[in-house]
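S.K.:
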Amino acid sequence: MVFCCGYRKVWVWLTVMALVCVSTIVGLWVYQLTSFPPPTEPWDRHRLPDTLVPDHYYVTLWPRLEPDATGTYVFTGKSSVRFRSLRDTSLIILHCKQLKLTTMDKHLARLTAISGTAPEIRKTWLHVPMQYLVIQLNGVLKTGQDYKLYTEFEGELSDDLEGLYRSEYYEDGLQKVVATSQMHPTHARKTFPCFDEPAMKAVFHITVLHKRGTVALSNGKELAVVDTIVGGQAVTQTTFEQTKKMSTYLLALVVSDYSNVTSQNGSTLIRIWARKSAISGGQGDYALNVTVPVLKFFEDYYSIPYPLTKSDQIALPDFYFGAMENWGLVTYREANLLYDPVVSSNRNKETTATIIAHELAHMWFGNLVTLKWWNEVWLNEGFASYVSYLGADNAEPTWNVKDLIVLDDVHRVFAVDALASSHPLSSKEDEIQRPEQISELFDAISYSKGASVLRMLSDFLTEPVFIQGLKTYLNDFAYSNTESSDLWDHLQQAVEKTGTSLPARVHDIMNRWVLQMGFPVVFIDTATGTVSQQHFLLDPDSVVDRPSDFNYQWIVPIRWMEFGGTNTVSWLLEKHAVHSEMKTSGQQWLLANVNVTGYYRVNYDTANWDKILTQLRSDHKVIPVINRAQLVDDAFNLARAKMVPMSVALNTTTYLTHEREYMPWESTLNNLDYLYLMFDGTDVYGLMQLYLKKQVEPLYAYFKEITLDWSKVPDGHTEQYLQVNALRVACSTGVDGCQNLTSTWFSQWMAQPQNNIIDPNLRATVYCSAVASGGEEEWNFGWQMFKNAPIAIEANKLMSSLACTKNTTLLNRYLSYTLNANKIRKQDATSVIVSIASNVEGQTLAWDFVRTNWEYMFTEFGVGSFSFASLISGVTASFTTQAELDQLVEFKEQNADIGFGSGTTALEQALERTRANIRWVAENQDEIRDWFVQHT
Ligand SMILES: *[C@@H]1O[C@H](CO)[C@@H](O)[C@H](O)[C@H]1NC(C)=O
Ligand SMILES: *[C@@H]1O[C@H](CO)[C@@H](O)[C@H](O)[C@H]1NC(C)=O
Ligand SMILES: *[C@@H]1O[C@H](CO)[C@@H](O)[C@H](O)[C@H]1NC(C)=O
Ligand SMILES: *[C@@H]1O[C@H](CO)[C@@H](O)[C@H](O)[C@H]1NC(C)=O
Ligand SMILES: *[C@@H]1O[C@H](CO)[C@@H](O)[C@H](O)[C@H]1NC(C)=O
Ligand SMILES: *[C@@H]1O[C@H](CO)[C@@H](O)[C@H](O)[C@H]1NC(C)=O
Ligand SMILES: [Zn+2]
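Counting in our numbering, the sequence shown runs from 861 upward without gaps.
Listed below in structure tokens is the structure:
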């Protein structure tokens, strides 16, 4: 699964949910408050008993695409589940949520034995707090015997983006309805009664009844599509090929009038599905183009053929996540799957390629072999995130996309993992029980730290050893479930077979990175060769109260190089060690963590920092480009942690007048963004603007020249990214001609709305810049274009640019739209609020809005919603004053009884960050002001 919206745009998790049954929420909270002492009845426990295992489900579903007489959209269904009893028991418990079950012979289910007779049902009931259907029997289910449980049910086909749900869009002026599904992580139970835990794998036989003229898709291939009459209604019945043995959360079902483009990879049928107009407009072609090489790559990488007979990928108008890896039927937000060369930027293209690679990576890692429980979800998501770069690189070899993991994952997660309120990758199984606890695990730590740590592992094992261990792991556990230690076992076997030399067993090395939170900063004193490590905390005054079995020490692979030398790996096993090979002399500098393959920061003695800075100014290209980005990021973060003076960090930015590579610039701008957040509203802000303007002017001139006065697109992929940065920073710092350029382009578009000649790569920047310098007329035009945008990619750019206006009346109007689903789709509401908060003029407005509407949003969006974390961290990012801290504390107190759901951790982090910011500004403002005064 991936979340929406890449980090390099605005870092926003998600979206919004609606209308989760209120009684469920209340039930859940009441239960939590009264759940002490621990529950004794099996139906009061969050985990299913281990007495029964399902093996086959026979499910028929009929979603209605038109409302019934009461105006409600519904689906009906019937399901039979065959299961085996592992021990004698007189109790059947399975999951069931928000379904109306039909009573048959006075009970909610019917039980039969596969051979012999089944015990009689004594009593059945829905146990709402635990989302269970409970069946008590008069006799026992005998050990080793197979039984079948039959249910009939009706559910609401609502627009809540959970389970089987409804999505709507307009085409040719007509409203169209799609029935689609999102079972992950715990919503299969909202579609039919089932044993809804990832280790309860079974084979699913799915049949769908649907309106004539629509297409039904599911995990398996369509076997038979026949027209029939059911209950007097003419419908089509589609029967699907039975699935492989798989987890409930990977089921999928879509009914639509979509069309498709298709191709073939060996015997695998590949199809891309979308709205008819999108397919006829060629918007599915790029996805189809990358799917074949990506599938081929993974078949090779895992040495296992694609396990299914077909691969469908479908674009949905309303979708909670960025994409979901349902086995054989992957679902995406439209913006992530569809690509149109006329309106999509190269960043959109990269997003499509990497998200497809992420989801297809799961077809093996995650789907074929599945983690036993959600506490280790990091391994599933971290792995898919890591190899998505490899898959995308295979499809687009000229992009250098593998390097970008350092900006998009490593840097992104360093920022949160350096807080005392961080958490380890792996949680204890019994700490992850409730659905919202499961939801909370899908965070930057799981995805980005997971990816970073696995990349480090692959680097120190070497890729062939990593792949060998992976291959035997996948083969051994195909169609079953694992724990992370199973993967370490297989990698260790590969290490032994190949005679690879490591300082410890794979388990012992990895446990340090997986079971304790955070990461080390390695200090290298090049005068003595002393190397040491310490837990890196962004705020040196923060208190770590989470204990660690390893005392916050890591086993660290240090890949390092000297000027002109080749690189070597030395291991740091202790807190302090002397590595005499790391002693340098004269002008010789030493650089560690080459290409940032390691998940740690590096600090040096002052003399080495000076030598590196001198090298950057004289000939920066001697230092690898990834490390140029890293030196900036390390220096700024070490300065924030008071390990180096702020002027060392600022000094890493002076050479940028000569830098023409994207990664160092992007890293610098991200770090300066922090200073901007801290100093907006002070005199330092103006000084920073002057300095940055001076730094970016040569870059702006460079692009003006190589693009022949902005008429041609630069050749390289990251060069195109850098052009966007050049334009954005030049316009926002007032470089001559920039604002005029963007306003002119925008007004040309306003004059001829049918003819937008703005380069797709530059659109997000140009729109924002033009809306910021424009007034109500520009804003209204942007809004009109947003509502009429023919493709989600274009709509998203307009949507975020509307948050760029400096007019507070317009910003307030825009905020109010987020509570109106007809104006802003539920999936986009939090993203809009966070965009507004990242505009200096909108910060206070967005915070006030969230404070005022918290209770409403929390109830409306649901306890399990993932979006609260991004909302809280987004609106509090710029907090630097005591008054803001007081408001935050008050917010926490006032809403304690309502709760913060998946935003609970984010709120703690916001408090920690705000306290640190207040101290930091007080301590650093003068030094930073002085530095900028000297350099402008
Ligand atoms: C997929 O599209 C092809 C044309 O490209 C069409 O022939 C086929 O019927 C479509 N498949 C389904 C199941 O609609
Ligand atoms: C897809 O591949 C074909 C054949 O290589 C190419 O002509 C076409 O331009 C590609 N489409 C996109 C959108 O990349
Ligand atoms: C570092 O990364 C660059 C760019 O991807 C690559 O060309 C180079 O070989 C890498 N260096 C090492 C030592 O891996
Ligand atoms: C930063 O660079 C300036 C020269 O540009 C130098 O005088 C100063 O000592 C440097 N500061 C640090 C802390 O390295
Ligand atoms: C851009 O500058 C030109 C003169 O250089 C001026 O005529 C024009 O009005 C400006 N356009 C905008 C939108 O400010
Ligand atoms: C902001 O927009 C409102 C509504 O369009 C308008 O009435 C007001 O004059 C604008 N304010 C400024 C400062 O431009
Ligand atoms: Zn994923």
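Where a beta carbon is used, it is the ideal one built from N, C-alpha and C, also for glycine. A quick note: this is a predicted structure, and the numbers were derived from the prediction, not measured.
Return the first residue and the last residue of the alpha helix (DSSP H) that Val1556 is part of.
M.R.: As a position in the sequence shown, residue 1556 is number 696, starting the count at 1. Run containing Val1556: Asp1543 to Ile1566, per the alpha helix (DSSP H) assignment.
S.K.: In whole angstroms, what is the alpha-carbon distance linking Pro1058 and Leu908?
M.R.: By 1-based counting over the sequence shown, the position of residue 1058 is 198. By 1-based counting over the sequence shown, the position of residue 908 is 48. Rounded to the nearest angstrom, the two C-alpha atoms are 11 Å apart.
S.K.: For Ile1651, which of helix, strand or coil comes out of DSSP?
M.R.: As a position in the sequence shown, residue 1651 is number 791, starting the count at 1. If DSSP states are grouped into helix, strand and coil, Ile1651 belongs with coil.
S.K.: Less than 6 Å between the CB of Glu1638 and some heavy atom of ligand 6, yes or no?
M.R.: Along the sequence shown, read from residue 1 onward, the residue named residue 1638 stands at position 778. No, the beta carbon of Glu1638 sits no closer than 6 Å to any heavy atom of ligand 6.
S.K.: Is Trp1639 buried or exposed, if buried means 16 or more other CB atoms sit within 10 Å of its CB?
M.R.: Numbered from 1 along the sequence shown, position 779 holds the residue referred to as residue 1639. Trp1639 comes out buried.
S.K.: Determine the extent of the beta strand (DSSP E) in which Gly1734 is found, giving its start and end residues.
M.R.: Numbered from its first residue, the sequence shown carries residue 1734 at position 874. Per DSSP, Gly1734 belongs to no beta strand (DSSP E); it is in the alpha helix (DSSP H), Ser1727 to Thr1736.
S.K.: If you pair each beta-carbon of the segment 1372 to 1383 with each one of the segment 1400 to 1418, do three or more pairs fall below 8 Å?
M.R.: Flag = yes, the segment 1372 to 1383 and the segment 1400 to 1418 touch.
S.K.: Once you ignore the five residues that flank Thr1330 on each side, which residues in its own chain have a CB closer than 6 Å to its CB?
M.R.: The sequence position of residue 1330 within the sequence shown is 470, counting from 1. Note that residue 1330 is Leu in the sequence shown, not Thr. Excluding sequence neighbours, Leu1330 sits near nothing in its chain.
S.K.: Closer than 6 Å: is that where the CB of Asp1409 sits relative to any heavy atom of ligand 3?
M.R.: Position 549 of the sequence shown, counted from the first residue, corresponds to residue 1409. No, the Cβ of Asp1409 stays beyond 6 Å of every heavy atom of ligand 3.
S.K.: Taking C-alpha atoms, which residue in Leu1077, Asn1341 and Gln1599 lies nearest to Leu1587?
M.R.: As a working note, residue 1587 is residue 727 in the sequence shown. Per the Cα distances, Gln1599.
S.K.: Can you list the residues near ligand 4, meaning Cβ strictly closer than 5 Å to any non-hydrogen atom, in the order they appear in the chain?
M.R.: Residues flagged by the Cβ proximity filter: Pro1505, Ser1507, Val1508 and Asn1511.
S.K.: Note down, in chain order, each residue of its chain lying with its Cβ closer than 7 Å to the Cβ of Val1492, except the 5 sequence neighbours on either side.
M.R.: Numbered from 1 along the sequence shown, position 632 holds the residue referred to as residue 1492. Cβ within range, chain order: Thr1512, Thr1513, Pro1524, Ser1527, Thr1528 and Asn1531.
S.K.: Around the C-beta of Leu1083, are 16 or more other C-beta atoms found within 10 angstroms, so that it is buried, or is it exposed?
M.R.: On the sequence shown, residue 1083 is found 223 positions in, with the first residue counted as 1. The residue in question, Leu1083, is exposed, as its Cβ has fewer than 16 Cβ neighbours within 10 Å.
S.K.: Does the Cβ of Phe1064 have 16 or more other Cβ atoms within 10 Å, making it buried, or fewer, making it exposed?
M.R.: Translated into the one-based positions of the sequence shown, residue 1064 becomes position 204. The residue in question, Phe1064, is buried, as its Cβ has 16 or more Cβ neighbours within 10 Å.
S.K.: Judging by CA-CA distance, which residue of Ser1123, Arg1406 and Ala1729 is the nearest neighbour of Ser1282?
M.R.: Translated into positions along the sequence shown, residue 1282 becomes position 422. When only C-alpha atoms are compared, the closest one is Arg1406.
S.K.: Is the segment 1016 to 1035 close to the segment 1312 to 1319, with three or more CB pairs under 8 Å?
M.R.: With a cut-off of 8 Å, the segment 1312 to 1319 and the segment 1016 to 1035 do not count as touching, because too few Cβ pairs lie within range.
S.K.: Alpha carbon to alpha carbon, what distance is there between Gln991 and Gly887?
M.R.: Position 27 of the sequence shown holds residue 887. Position 131 of the sequence shown holds residue 991. For Gly887, the predicted model reports a pLDDT of 30, less than 50, meaning its position is unreliable and no value from the coordinates is stated.
S.K.: So Lys1105 packs on Ala1062, CB below 8 Å; how close in whole Å?
M.R.: In the sequence shown, counting from the first residue as 1, residue 1105 sits at position 245. In the sequence shown, counting from the first residue as 1, residue 1062 sits at position 202. That belief holds up - the Cβ atoms of Lys1105 and Ala1062 are roughly 6 Å apart, short of 8 Å.
S.K.: Taking 8 Å as the threshold, find out whether the segment 1490 to 1508 comes into contact with the segment 1555 to 1567 through three or more Cβ pairs.
M.R.: With a cut-off of 8 Å, the segment 1555 to 1567 and the segment 1490 to 1508 do not count as touching, because too few Cβ pairs lie within range.
S.K.: If distances are taken between C-alpha atoms only, which option among Met1659, Phe1181 and Ala1094 comes closest to Leu1021?
M.R.: By 1-based counting over the sequence shown, the position of residue 1021 is 161. Considering only alpha carbons, the answer is Phe1181.
S.K.: Quick one: any contact between the segment 1579 to 1595 and the segment 1266 to 1276, if contact means 3 or more CB pairs under 8 Å?
M.R.: Output reads no: the segment 1266 to 1276 does not touch the segment 1579 to 1595.
S.K.: Just checking my contact of Pro1284 with Gln1376 at CB under 8 Å: how many whole Å lie between their CB atoms?
M.R.: By one-based count along the sequence shown, residue 1284 stands at place 424. By one-based count along the sequence shown, residue 1376 stands at place 516. Indeed they touch by this definition, with Cβ atoms about 6 Å apart.
S.K.: If you draw a straight line from the alpha carbon of Leu1767 to that of Ala1743, how long is it in whole angstroms?
M.R.: Along the sequence shown, one-based indexing puts residue 1767 at 907. Along the sequence shown, one-based indexing puts residue 1743 at 883. For Leu1767 and Ala1743, the distance between alpha carbons rounds to 17 Å.
S.K.: Verify whether the separation of the beta carbon atoms of Thr1011 and Leu971 is less than 7 Å.
M.R.: Working through the sequence shown from its first residue, we reach residue 1011 at position 151. Working through the sequence shown from its first residue, we reach residue 971 at position 111. No.
S.K.: Count the other C-beta atoms from every protein chain shown that fall within 10 angstroms of the C-beta of His955, then say buried if there are 16 or more, exposed otherwise.
M.R.: What you label residue 955 is simply residue 95 of the sequence shown in a count that begins at 1. It is buried - the Cβ of His955 has at least 16 other Cβ atoms within 10 Å.
S.K.: For a test of your reading of the model: does the CB of Ala1195 fall under 6 Å from any non-hydrogen atom of ligand 7? Yes or no.
M.R.: Translated into positions along the sequence shown, residue 1195 becomes position 335. Result no, Cβ not under 6 Å from ligand 7.
S.K.: Going by the CB atoms, is the gap between Val1115 and Ala1039 shorter than 7 Å?
M.R.: Taking the first residue of the sequence shown as 1, we reach residue 1039 at position 179. Taking the first residue of the sequence shown as 1, we reach residue 1115 at position 255. Yes. Within cutoff.
S.K.: Could you tell me whether any non-hydrogen atom of ligand 1 is closer than 6 Å to the CB of Val1068?
M.R.: Position 208 of the sequence shown, counted from the first residue, corresponds to residue 1068. Val1068 Cβ: outside cutoff for every heavy atom of ligand 1.
S.K.: Taking only runs that begin and end inside the segment 980 to 1006, name each unbroken beta strand (DSSP E) of 3 or more residues, in chain order.
M.R.: Listed in chain order, the complete beta strand (DSSP E) runs (minimum 3 residues) inside the segment 980 to 1006 are 981 to 987 and 992 to 1001.
S.K.: Do Ala1134 and Ala1175 have their C-beta atoms within less than 7 Å of each other?
M.R.: The sequence position of residue 1134 within the sequence shown is 274, counting from 1. The sequence position of residue 1175 within the sequence shown is 315, counting from 1. Yes.
S.K.: Would you say the beta carbon of Thr1669 comes nearer than 6 Å to a heavy atom of ligand 6?
M.R.: Sequence index remark: in the sequence shown, residue 1669 carries index 809 (1-based). Yes, since a heavy atom of ligand 6 falls inside the 6 Å radius drawn around the Cβ of Thr1669.
S.K.: Going by beta carbon distance, what residues of the same chain come within less than 6 Å of His1070, once the five residues before and after it are set aside?
M.R.: As a working note, residue 1070 is residue 210 in the sequence shown. Here the set comprises Ala1076, Thr1096 and Val1115.
S.K.: Along the chain, which unbroken stretches of the beta strand (DSSP E) at least 3 residues long are found entirely within the segment 1034 to 1093?
M.R.: The qualifying runs are 1034 to 1042, 1063 to 1071, 1075 to 1078 and 1082 to 1090.
S.K.: So within the segment 1130 to 1185, which uninterrupted beta strand (DSSP E) runs reach at least 3 residues, ignoring any that extend past its ends?
M.R.: Fully enclosed beta strand (DSSP E) runs of 3 or longer: 1170 to 1176.
S.K.: For His1436, report the span of its beta strand (DSSP E) as first-last.
M.R.: The residue labelled residue 1436 in the question sits at position 576 within the sequence shown. First-last of the beta strand (DSSP E) with His1436: His1436 to Val1438.
S.K.: Would you report the Cα separation of Gly1073 and Gly1144, rounded to the nearest angstrom?
M.R.: In the sequence shown, the residue the question calls residue 1073 occupies position 213. In the sequence shown, the residue the question calls residue 1144 occupies position 284. For Gly1073 and Gly1144, the distance between alpha carbons rounds to 21 Å.
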